[in-house]
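Down below is the structure, laid out as C-alpha cells.
Number of protein chains: 4
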Amino acid sequence: MVVILQKNATEAQVQNVVKHLEDYGFQIHKSTGTERTIIGAIGVKPNFDTRNISILDGVDEVYRVTTPFKLAGRSFQESNTVIKIKDVEIGGNHVVMMSGPCSVESEDQIFRLAKVVADSGATILRGGAFKPRTSPYAFQGMGEEGLKLMRAAADQYNLLVITEVMQIEQIDLIYKYADIFQVGARNMQNFSLLKELGKVDKPVMLKRGIAATIEEWLMSAEYILSGGNKDVVLCERGIRTFENYTRNTFDLSAIPVVHKKSHLPIIADPSHATGLRDQVPPMARAAVAAGADGLMIEFHHDPETALSDGPQALLPNTYLKLMEELRLIAKAIGRTL
Amino acid sequence: MVVILQKNATEAQVQNVVKHLEDYGFQIHKSTGTERTIIGAIGVKPNFDTRNISILDGVDEVYRVTTPFKLAGRSFQESNTVIKIKDVEIGGNHVVMMSGPCSVESEDQIFRLAKVVADSGATILRGGAFKPRTSPYAFQGMGEEGLKLMRAAADQYNLLVITEVMQIEQIDLIYKYADIFQVGARNMQNFSLLKELGKVDKPVMLKRGIAATIEEWLMSAEYILSGGNKDVVLCERGIRTFENYTRNTFDLSAIPVVHKKSHLPIIADPSHATGLRDQVPPMARAAVAAGADGLMIEFHHDPETALSDGPQALLPNTYLKLMEELRLIAKAIGRTL
Amino acid sequence: MVVILQKNATEAQVQNVVKHLEDYGFQIHKSTGTERTIIGAIGVKPNFDTRNISILDGVDEVYRVTTPFKLAGRSFQESNTVIKIKDVEIGGNHVVMMSGPCSVESEDQIFRLAKVVADSGATILRGGAFKPRTSPYAFQGMGEEGLKLMRAAADQYNLLVITEVMQIEQIDLIYKYADIFQVGARNMQNFSLLKELGKVDKPVMLKRGIAATIEEWLMSAEYILSGGNKDVVLCERGIRTFENYTRNTFDLSAIPVVHKKSHLPIIADPSHATGLRDQVPPMARAAVAAGADGLMIEFHHDPETALSDGPQALLPNTYLKLMEELRLIAKAIGRTL
Amino acid sequence: MVVILQKNATEAQVQNVVKHLEDYGFQIHKSTGTERTIIGAIGVKPNFDTRNISILDGVDEVYRVTTPFKLAGRSFQESNTVIKIKDVEIGGNHVVMMSGPCSVESEDQIFRLAKVVADSGATILRGGAFKPRTSPYAFQGMGEEGLKLMRAAADQYNLLVITEVMQIEQIDLIYKYADIFQVGARNMQNFSLLKELGKVDKPVMLKRGIAATIEEWLMSAEYILSGGNKDVVLCERGIRTFENYTRNTFDLSAIPVVHKKSHLPIIADPSHATGLRDQVPPMARAAVAAGADGLMIEFHHDPETALSDGPQALLPNTYLKLMEELRLIAKAIGRTL
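The listed protein sequences correspond, in order, to chains A, B, C and D. According to the numbering used here, the first sequence is numbered sequentially starting from 34. According to the numbering used here, the second sequence is numbered sequentially starting from 34. According to the numbering used here, the third sequence is numbered sequentially starting from 34. According to the numbering used here, the fourth sequence is numbered sequentially starting from 34.
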C-alpha cells in the first residue's frame, strides 16, 4: 500500500498515519519530498480495507499495491493453466468450441444437435437444464431429465458436457452428469456457491458478471481456487453499458488483459453478448482474432420453436460455415481450432 | 407489443410477421401509414421474448407494451403498500430508520449500539451475521451467535431486527431471530433464493443490484411477490458508473421513479452508496428530501476496530446530530421521521 | 508518481525504470521490500503521461500521485471561491437560484417569466439564445435578438443574466448582454472554447459532460483558470449510465466530493438531469439537502407551446411552491436561499 | 410514434391525448384492446420531442417509431456509401489502413514514418497538427508547420492525408493540406463545427464520442450530411464504461450494428481504444474480423520520445508484422487489405 499525504499535512498527522499502519502490522518506508510525504506500507494483506487509511486526517490518496487476488494472478503462476478433461485441453494452443442449444428441450433435439456439434469438430456440448430467467413466468428448464439426455447425447458422439449450476443443492446432481460446471453471470458473486465449487474435483467455467470489473471477476475465481479447485475457466459474455442498440457490450479487450494479469484460460460467448443471431458470426470471428482460448456458441435446428433464447441461436448451416471461417482466423494467428 | 415494419417491407414480409404473431397467440391491429406499417399485437404475455419478432425479415423495431412485472406495478395496485410489523409501519408517511453496525461483532458492541439506535428514535436495528465479502480472505460474520445477540439487544430496547440472508439454507435459521430478511445487491438476481423467500411470512428488503436497471429490480421483486409474499421493500444503495472519485453513484432519481412505477416502499442506504463516512450525512439528507420512505445507516462506537466497513460507519454523535437534521427535512416535505 | 515493480522483476529491469524516471527529470526514492520494489518518483509534472512508465518491462502498476489539476484544487486554495457579481454572491452561505425558460422565445414570454423569477426571490435569469440540439432539424434559438430581450427583462426586474455560449465567435456578442457565460455539457471538453473563456473578465459556469469524470471536469475548469479567469462555477446536470427509466442519473454525490477536492462553487440542474417535470421538485430538494451552492431550474408559463424542453419545465405555481420547500431545507442545514 | 395509455386511463384522458397529437399534426390510428388503448401517431417529424406526450395524464409509455436520423440511415440509401479519393476507396471490399504517428513532430519524423506507411501497403497517412489535450499544460501540436510537413511527406510517398480539425477557424487552413478531415471524439457533438463541415467538399471522418450512443453518433453524422457533404466516415475508438483495467472499452459490436442501421463506412481505431501498445495487435485483428472497413493505427520509430501518446504507438516492425496477420484475416472473410 502506498499512502500519499496532503501537501499541507502536519507532522502530527504523518505520525498518526504511521502509527495506524504499524498497528495494522505493516512495515513502513517513508519518503519526504519537497512537496509532500509518501509512505510505502509493505505487507501482504490482500483483504485489508484501504479506506481505513483514506479517512485519516492529512491523507490525500491511498493505493493498494498488491492485487487483491493471488492464486489467480500471473505472478503466482507464470505458465498458462491448461485443463485436461479426457482428451480435450482448455487453455492450450487449440481453440476449444463449446456448442449446442440454450436449453435441453427433448431427446430428439439434443441428439440431433449433438451430432452437428461432433460433425463440426467441436468437442464440448453445451445446454441448460436449470435456467436462471429474469421473469418468474418463463421456462425454467427440464431439470435432471435434461441432464440425463445431454449426457446420453454427448456419450453417443464422444463429447464433453458443460451445464449451468445455479445453487448449492444442485451440485451433487450435476456432478453425476456433467464434465464442467458453468456459473452464470448473475451468480458470479454468489460467494456461497463459489465456495462449494472450490471443493469439487471437476472444472468450473465462471462467466463474468454483467457489471463486474475484471478484478472482481478474478476475485471470484480466487474463491474457487482458494477452496482447492485449480481448474477454473473464465468466460466473457458482455458487459452492461449505456449503449442500447446492442443487448450488451462484448468486451473483447478483456481477453488480452486477462491473459496478462492471469494464467487462467478465457473463453468468449458471442451468443449471449449480442443476443441476436446476425451479430454472432462477426463477434465470434473477432473473439478468436483477439486471442480467446475458446468459444461458446448457441445453435438450434428450429430457433423459432426454441423454449429460450431462440433469437440468438444460429441455424446449423450458418454454424458450420462459421466454423470454417474461424479455422482460417485461428490459423492466421498461429493457432488451431 | 408494437411492431414497426421497415419502410420498404414487402407485403409478403408483413404477412409473415402477422402469421408469426397469430401463431404466438396475439390479437392483431394493423395500421398502414403512408410511410410504413405498424402492427399492434395485443395479449398479456409478460415473458414473451420480443427478439422472436425482431429477427423476422422486414421488421425494424419491436416495443414491448406491457411492463414485464405485474404484481409490483402501480397499475396492479394503486395505493401504496404499507407494511406493518408490530407497531412499525414501512411505506407510510413516517420515514423509518434502520440503524446499527455493519456486522455484529460482540455482545458488548451490539447492546451498546442498540441503545443509541433506540435513543435516536429509530425503530429497526440492522447488523450482519452472514457477510458476503468480495475477498475469500475477509471476515465472514459471526453466524448464528451474531443473530442471537442481535435479537437479544433488539428486545432489550424494543427494536425490530433486519439482517441479510445469503443462501437458501440460512432462511430457517434467520427466520427464528429476525423480523425482516435483507437480500443483498449481489443476490438481487439469485432467483433460487428469491423464490424461497416468496414462501416466507416475514417481509423482505431487496437491495438493488449494482448494475440492475429499475425494471430488473422490480422483476426481482416480482419473483418474491409471485410466490405469495406481499411484503417487499426496495432499497437503493448505489449503482456502478464510470465515476471513480466515488465508490458508487447513489441513484436518488430512482426514488421518484419507483414511486411512480410501483406501490412498494423504497429505502435508501447512503452508507454503502458512498462508502466513506464524510459523505454519508449529505447523502442521507438528500435521500429524505428526495422522498425515501426510510434510510439504512451504519454507525459504530469505534469504527477503527470494526471488523467490516469501518470507514463508512458514522460515530454515534454524528449519527445523532444527523437524525436532528433529517427530522427538519422530513418536516419540510410534510413527513415525520 | 509511485511505480510498483513486478514481484519477479530483475535488477536490470529495476535499473532501467530508474534510468527512465531520471531522464524524465524525476527525483527517485527506492524502497525494496521482501516481496517487491516500490519507486517513488518526486517532481510536479501534472501533464506527464504515466503510460510511458507502465509499458516498461518489469513494471506492474503506476500511480500518479499529484492530481492533474492544480488551480482548481483545494490544496491550491483552502478557502471557498466566492464570486461576486453586483450584489449576488455565488459560493457563499446563500444558495443562489438561476431560474427561467429553456429558450428565450419572445418579448412577452421572457418579461412574464422574469417577473416570476424576481417574485420568487431568485436573483439570476436563465435562458438560451443559441441552442445546441441533437437534431439538425430542431429549433436553434433566437440569437442576438434573444440576448437583447433577456437583458431588457433582467434589467427591468433587477436580475443577472446567464446564457450559453457554444462557439468562440459568440463570445464578444454574449459578453455585451450576459453576466455569466454558461458552457454546456457537450462543450465541456471543447478546449479551444475554454481557452478563450479563460481570457474573459466575466464568470463562467461549466456544466459537467454527460460522461465526464469529476477529475476531467476539474481539468476543464483548469483550462479556464489557467487562462487567468478565476471565476468558475461548476454545474452538475446528470451523467449517462445504463439506467433508462431516467433520462440521466443525477450524480448528487458529486456535490460533497467537489467540495472536498476543489474550492469552486457547485450548482445543480435538476431540470436537465431528470428531463421530466414531475421529477424536478424531489431532485431539486435533494440537491439543496446535499449541499449544492445553487440550483438552475427551468419553468414556463405554457410548457406545451415551449419551443424546447417544455416537458421538463415547471409551471410557475409549482415553481413558487418548490421555492418555499427549498427554503425550509436550506434552513435545516444552516443556509439561506 | 406509438402511445401506450395506462390500463386505467379514462376516456377523457384518451381524448386529450388524441387532441394533442392532432394539434401537433399527427395522423391518428387508435387500437382499443381488452387491457389498454394504443395510439399510433403517423407523421415524419424526426425532431419531435416525445416527452410532450409522455407527460400527459393517462399516458404510460411513448415510443418514437422513426429513427431521428434520415440521411444516415440504411432505409434512405440501401447500398453502401463508397467514398473515392484519388485511387483510394473507403467503404468498398478493400479494408483501408490509416497509419502514422499521433502528432507530427518534425520533418525527419514524418518522412521516415510515411515511408513505412507506404512500404506496408497502407494508403492514408495520419498525424495530428492541432491536438486536443485533457491538460492545458500538455503539447498542443505544431500547427500549420505540421500540416505542411505531413502534406510533403504524403506527396513523396503517394499517400492521402487525414488530420484532426478542432475548431471552425481551422477549416480553411486544413483544407489546403489534408484530404480527409477528422473530427475527434470530444467534438462529436460540437454542432457548430459539424454544420460548417457539412459545407466542405472533402470527406469527414467522425469519431464516436466516448459516451455517445450509436444513435447520437448517427445524428451527428446527420448534421454533416444535411449540410450537403455526403462523404462521412464513422470511426469507433472505444467507449467509457465502469471497467478500469482498460482505458476504454472497444465496442466492436458497433461494427455490425452500424452496417445494419447505416450505409456509411466504419473504421476502427484500436490505438486510442486501448491506449497501450501490447493490446493494439489483438484488437486490430479483432476489428478486421468483425468487419471494419478500415483501421487507424498509430506507430512511431521511437515511442519513448514521442510528444504525445507514445505508449500506444507500435514500433515499425511490430506494425509491419501486424499488417501481415491482418491480410490473412481479411482474406478469411472474403476481403482484401
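Glycine residues also receive a C-beta, built at the ideal position from the N, C-alpha and C atoms.
- If the five residues before and after leucine 340 of chain C are omitted, its C-beta is found closer than 7 Å to the C-beta atoms of Ser136, Glu138 and Phe172, all from its own chain and listed in chain order.
- A check of alpha carbon separations from alanine 287 of chain A across A:Thr279, A:Gln60, A:Ala319 and A:Ile37 identifies A:Ala319 as the nearest.
- Serine 225 of chain A sits in a helix when the DSSP states are folded into three classes.
- As a beta-bridge residue in DSSP terms, glycine 73 of chain D pairs with D:Val35 and D:His62.
- Here the alpha carbons of methionine 199 of chain C and glutamine 189 of chain C stand approximately 27 Å from one another.
- Rounded to whole angstroms, methionine 329 of chain A and aspartate 302 of chain A show a C-alpha spacing of 5 Å.
- Residue pairing for isoleucine 272 of chain B: DSSP places it in a beta bridge opposite B:Thr282.
- Excluding the 5 residues flanking it on each side, leucine 182 of chain A has same chain C-beta neighbours closer than 6 Å at Val137, Glu140 and Ile143, in chain order.
- Nearest C-alpha to histidine 292 of chain B among C:His305, C:Pro315 and C:Gly154: C:Pro315.
- Within the model, the alpha-carbon separation for glycine 343 of chain D versus histidine 333 of chain D is close to 8 Å.
- Between the alpha carbons of isoleucine 195 of chain A and asparagine 220 of chain A lies a distance of about 16 Å.
- Taken through DSSP and simplified to helix, strand or coil, phenylalanine 109 of chain B comes out as coil.
- Under DSSP, methionine 130 of chain A forms a beta bridge with A:Leu328.
- Using beta-carbon distances, methionine 183 of chain B does not count as an interface residue toward chain A, since no partner is under 8 Å.
- The secondary-structure analysis by DSSP pairs glutamate 197 of chain B across a beta bridge with B:Gln215.
- Flagged as an interface residue toward chain C: glycine 73 of chain A, by a C-beta distance shorter than 8 Å.
- Interface flag for lysine 103 of chain A against chain C is unset, since no Cβ pair is found closer than 8 Å.
- Close to serine 87 of chain B, with beta-carbon spacing below 9 Å, lies no residue of chain D; the smallest spacing is near 12 Å.
- Pairwise C-beta distances place the region 258 to 268 of chain C out of contact with the region 266 to 285 of chain B, as fewer than three of them are shorter than 8 Å.
- One Cα belongs to glycine 91 of chain B, the other to methionine 252 of chain C, and the distance between them is close to 48 Å.
- Distance check between serine 87 of chain B and each of B:Pro101, B:His62, B:Val51 and B:Val149 places B:Val51 closest, using alpha-carbon atoms only.
- Note on geometry: alpha-carbon atoms of glycine 367 of chain C and alanine 322 of chain B lie some 15 Å from one another.
- Residue state for arginine 97 of chain A is assigned as coil, using DSSP reduced to three classes.
- For arginine 69 of chain D, the CB contacts under 8 Å within the same chain, skipping 5 residues up- and downstream, are Ile37, Leu38, Gln39, Lys40, Ala42 and Asp93 in chain order.
- At least 8 Å separates the beta-carbon of leucine 206 of chain A from that of valine 150 of chain A.
- For glycine 179 of chain B, the closest C-alpha among the options B:Ile201, B:Tyr256, B:Phe224 and B:Lys209 is that of B:Lys209.
- Taking 8 Å as the Cβ-Cβ cut-off, the region 299 to 333 of chain D approaches chain A at Ala306, Thr307, Asp311, Gln312, Pro315, Met316, Arg318, Ala319, Ala320, Val321, Ala322, Ala323 and Gly324, given in chain order.
- At least one CB atom of chain B sits nearer than 8 Å to the CB of phenylalanine 283 of chain C.
- Following the DSSP letters along the chain, one finds lysine 364 of chain D inside the alpha helix (DSSP H) bounded by residues 349 to 365.
- Sequence-distant Cβ neighbours of alanine 186 of chain D in its own chain, meaning closer than 7 Å and more than five residues away, are Ile143, Phe144, Ala147 and Leu158.
- Here DSSP, grouped into helix, strand and coil, assigns lysine 40 of chain C to coil.
- Neighbourhood of valine 290 of chain C in chain B, by CB distance below 8 Å: Tyr278, Thr279 and Gln312, in chain order.
- Against chain B, the CB of serine 259 of chain A has a partner CB under 8 Å away; the residue lies at that interface.
- In the DSSP assignment, arginine 159 of chain A forms a beta bridge with A:Ile195.
- The beta carbon of isoleucine 362 of chain C lies closer than 6 Å to those of Arg318, Val321 and Ala322 in the same chain, with the five residues before and after it left out.
- Listed along chain A are Arg273, Thr274 and Phe275, each with a C-beta nearer than 7 Å to that of phenylalanine 275 of chain C.
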